[in-house]
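Here's the structure, in structure tokens; my notes come after.
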Amino acid sequence: MAEYFPSVSKIEYEGPKSRNPLAFKHYNPDEVIEGQTMRDLFRFSVCYWHTFRGTGTDPFGSATLQRPWDDGSDSIPNALKRVDVAFEFMQKLQAPFYCWHDRDISPEGSSLKESNKNLDEIAKKLKDKQGETGIKLLWGTANLFSNPRFMHGAATSCNADVFAFAAAQVKKAIEVTYDLGGENYVFWGGREGYHNLLNTDMKRETDHLARFMHMAHDHAKSIGFKGQFLFEPKPKEPTKHQYDFDAATCLNFIGRNGLDGIVKLNIETNHATLAGHSMMHELEVARIHNALGSIDANTGDALLGWDTDQFPTDIYLTTQMMLVILKQNGLGSGGTNFDAKVRRESFEPIDLFHAHVGGMDAFARGAKIAAAIRKDGVLDQFVSNRYRSFDSGIGAQIESGKASFADCERYMLEKGEITGNESGRQEYLENLINDYM
Ligand code: XUL
Ligand code: CO
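Using my numbering, the first residue of the sequence shown is number 1469, and each one after it goes up by one.
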């Protein structure tokens, strides 16, 4: 069988002292962190769209990426060959999972019928390859944004035909996800948002989006798909104002539309920063609502205001993320999906390995540092001590719902002035984190 990355053999763990760029220095799949192996803690996933369909185009220039196996056509033979490339890459990387959009893996046909037929043909090969290698599908999703028919959105389009087309496409994508044993199904807004309120009925559009998710859930139930539904927040791009702005907006949408317990969140780093939040903030918002389902691991650029989708290499970032993820003991059926693309200047196939190996190692280091911080317990102790006034007395009465405004007034009139304010010690705590890096 043809080999597409002949210069690369399986990436192995060689330890922190290794200088081999194609070895893991920290990601050791069998090493245990807080009771689970790194393999199970991260559940690393390779994304099909950037890694196997990315070309390096940008608004100012054409494709730069050398992909010698790819003839550039959106044809079945090319798509079938790409499956071999993908599985060779993922096997050599030791990535246990992958993700796709329907149109990444198979060509769009001239009708829905033909597109579905194409998807079935490629899915058949994916299934064989999954069986052969043990690599599993973390999630599937549908591309409801590239085709011109989605110019006004998909589930939130003003055109009911477009809603119906999108529903038919998602129906098929869920069925294929189910057939391939996918553990989740993702909804990212794509073009679900608006550019100008002068032509937009926001109430109708968001009601339609909720209807769409319920219809998707009804269909999933009817075929026996038990995977987790995930909503992926993003504040802007491609529309000026996306309806899935951030974790809090998505959670509000979920709660208001009776989707609690049905839909969790897939949180992406670059989307968090585009929304003006840190990734740690977004993860924590999701976690405290029991909705942290999965992550799209990447990073933005501090100097650029758009979705650069770079590979994560910042250990401070991954440490912060792992502090939250370890608090909930991992990601359950979710995983760590590299929704990230190599730069257009990094045009050789080998750059795909450098990018993923570095990302996996950055997460492994972040997890080791976060676990050490958690083991010492200083942060947790600081935080619980900070709120100790709610453990007894008036604080405990407030928390348990036993105190009224009148009780608070009585308490304060008697006491006269508050006591108990202490320093928040932000600088001390920031220094403390650095001690573990
Ligand atoms: C777009 C994005 C998507 C979703 C899946 O910014 O992140 O690739 O992850 O549709
Ligand atoms: Co994403």
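Note that the Cβ used here is the ideal one computed from N, Cα and C, for glycine as well. None of the values given here were measured: they were computed from a predicted structure.
Local conformation of residue i per DSSP, three classes
i	result
Gln1796	coil
Cys1567	strand
His1663	coil
Lys1732	strand
His1685	helix
Glu1502	coil
Ser1583	helix
Val1476	coil
Ile1763	strand
Val1810	coil
Gly1723	helix
Leu1897	helix
Thr1737	helix
Thr1804	strand
Leu1742	helix
Phe1821	helix
Residue i and residue j closer than 7 Å at C-beta
i	j	result
Ala1838	Leu1794	yes
Asp1807	Asn1766	yes
Ser1614	Leu1698	no
Asn1725	Ala1678	yes
Ile1590	Ala1547	yes
Ile1783	Ala1830	yes
Tyr1516	Ile1573	yes
Gly1826	Thr1786	no
Tyr1481	Phe1473	no
Arg1511	Gly1803	yes
His1757	Leu1791	no
Phe1557	Lys1604	no
Gly1661	His1709	yes
Ala1641	Asp1538	no
Met1789	Met1747	yes
Val1644	Leu1606	no
Thr1523	Gln1559	no
Lys1597	Phe1555	yes
Leu1533	Phe1815	yes
Ala1754	Ile1735	yes
Leu1594	Leu1648	yes
Whole-Å CB distance - residue i paired with residue j, under 8 Å assumed
i	j	result
Gly1657	Lys1702	6 Å
Arg1659	Thr1707	6 Å
Tyr1904	Ile1818	That pair is no contact at about 33 Å.
Pro1575	Ser1543	6 Å
Any non-hydrogen atom of ligand 4 closer than 6 Å to residue i Cβ
i	result
Glu1673	As far as ligands go, the structure on display features ligand 1 and ligand 2 and does not contain ligand 4.
CB contact check: residue i to chain C, cutoff 7 Å
i	result
Leu1605	Absence of chain C from the displayed structure is noted, only one protein chain being present.
**Q.** Runs of alpha helix (DSSP H) wholly within the region 1511-1565 (minimum 4 residues, chain order)
**A.** 1516-1521, 1544-1561
(Q) Could you check whether the region 1580-1597 touches the region 1514-1529, counting it as contact only if at least three pairs of C-beta atoms, one from each stretch, sit closer than 8 Å? (A) no
Q: Pick out the complete alpha helix (DSSP H) segments inside the region 1826-1880, 4 residues or longer, and give them in chain order.
A: 1846-1854, 1861-1867
Q) With a cut-off of 8 Å, do at least 3 Cβ pairs link the region 1700-1719 to the region 1732-1744? A) The region 1700-1719 makes contact with the region 1732-1744; the number of CB pairs closer than 8 Å reaches 3 or more.
Q. Is the region 1773-1785 close to the region 1720-1731, with three or more CB pairs under 8 Å?
A. no
Q. Curious, which full-length beta strand (DSSP E) runs of at least 3 residues does the region 1593-1620 contain?
A. If one requires a minimum length of 3 residues, the beta strand (DSSP E) runs lying completely within the region 1593-1620 are 1604-1609, in chain order.
**Q.** Those runs of the alpha helix (DSSP H) which lie wholly inside the region 1622-1683 and span at least 4 residues
**A.** Scanning the region 1622-1683 for uninterrupted alpha helix (DSSP H) segments of 4 residues or longer gives 1628-1647, listed from N- to C-terminal end.
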